Amino acid sequence: MKENPSLLPPASCLLPPAFCLLLLTSSCVNQFNSPPQILSGGINSQRADESPAYSSDGRYLAFASDRNRSRDIFLYDLQQKRLVDLPNLNRRDSSQDQPALSSDGRFIVYVSSERGKTDILVYDRNKQSSRLLTAGVKGSVRHPTISGDGRYVAYETSQLGQWNIAIVERNIE
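In structure tokens, the structure reads:
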């Protein structure tokens, strides 16, 4: 078996094997990463754009932004390079944050804050409506995530005096 010299550590690597392996893997990782890109086409604004979340199919990117002078959720179609309309999701009397997407981007789970109360909602792009998941939950909620098919939502809640994880099973129509 012939050795590939490009995969061997430098001859001067007389350091412990674990350190040489670290040098090798870090140089391999750098060969495959592309430099970060700031995308154009409506995804960025003059205001804070934060909390990006991909759909697992890679087509959509949801994020929170202050571009409308209030905290709102936006959805960017990476194939068509444009923002997607989300009728009835963002409301003037509350702020929306921390989005997460189902696999195909149909469902967007997010945190909504109104007068100091936080809630978790799921927006259905097909129905153009949101459903409240945390009615009756006392305390704060944060960091929602949604299963690929949109059936399960998990989030953190302080309802019992410390941060715990809650899971909601949804009926999907």
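Going by the working numbering, the residue at position 74 of the sequence shown is 332; the numbering climbs one at a time, nothing skipped. All residues carry an ideal CB built from backbone N, CA and C; glycine is no exception. Predicted, not measured: the structure shown is a model, and the values here were computed from it.
Counting only residues of its own chain and dropping the five nearest sequence neighbours on each side, Asn384 has a CB closer than 7 Å to the CB of Arg364.
Boundaries cannot be given for Gln337, as no beta strand (DSSP E) includes it and DSSP labels it neither H nor E. With contact defined as three or more Cβ pairs closer than 8 Å, the stretch 356-370 and the stretch 303-319 are in contact. Distance from the Cα of Ser371 is smallest, within the candidate group Asp355, Arg389, Ser416, for Asp355. When the alpha-carbon of Leu341 is set against those of Arg349, Ser353, Ser352, Arg325, the nearest one is in Arg325. Going by DSSP, Pro402 is part of the beta strand (DSSP E) stretching over 399-404. If you draw a 10 Å sphere on the C-beta of Leu390, you find fewer than 16 other C-beta atoms in it, and that means exposed.
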